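Structure first, commentary second.
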């Protein structure tokens, strides 16, 4: 499970609005001050992601919670978005090269156009699959637990 900490920003019955801060690797690097990428990362404000979930856990505004998405679901979605257009393009390019160019003697420009058209079709298929309600439910973050904000001090040295 891929987990992220989020803060409760609004509550409406069992609907809870959560906000998490998107992290950049530059903010955790020790060379941040000496690196050009680190300087650029400092110049742009950090982005925040807001999502709504339904929960039965009693929460208050300002509480920190841990939300998560299943690894398998996220990897499947990423595979579809990146690989479906690529696979469609490679298959179409191979077919176009072997049939249109080699057999019919057409120009390679047609093979390139055919491959690009197949990549667009692959992208549209991936987009349709990602926008389905079942996939949206799978990728909806789930509330895992409420973070304990209290720090107990038992001994001061």
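Residue numbers (the working numbering): 1095 to 1251. Glycine residues also receive a C-beta, built at the ideal position from the N, C-alpha and C atoms. Because the structure is a prediction, the values reported are computed rather than measured.
Three-state secondary structure (DSSP) of residue i
i	result
residue 1107	coil
residue 1115	strand
residue 1100	strand
residue 1216	helix
residue 1153	coil
residue 1201	coil
residue 1221	helix
residue 1188	helix
residue 1167	helix
residue 1210	helix
residue 1177	helix
residue 1183	helix
residue 1226	coil
Proximity winner among the options, relative to residue i (alpha-carbon distances)
i	options	result
residue 1147	1111, 1159, 1168	1111
residue 1105	1233, 1199, 1221, 1149	1149
residue 1109	1145, 1225, 1141, 1166	1145
residue 1096	1157, 1165, 1142, 1156	1165
residue 1102	1141, 1227, 1207, 1161	1161
residue 1179	1231, 1099, 1141, 1220	1220
residue 1114	1173, 1157, 1225	1157
residue 1174	1223, 1155, 1100	1223
residue 1181	1203, 1216, 1170	1216
Opposing strand residues paired with residue i [DSSP bridges]
i	result
residue 1236	1162
residue 1146	1111
* Asked: With contact counted as at least three CB pairs below 8 Å, one residue from each stretch, are the segment 1200 to 1211 and the segment 1171 to 1189 in contact?
  -> yes
* Can we say the segment 1221 to 1241 touches the segment 1193 to 1210, given the rule of at least three CB pairs closer than 8 Å? -> no
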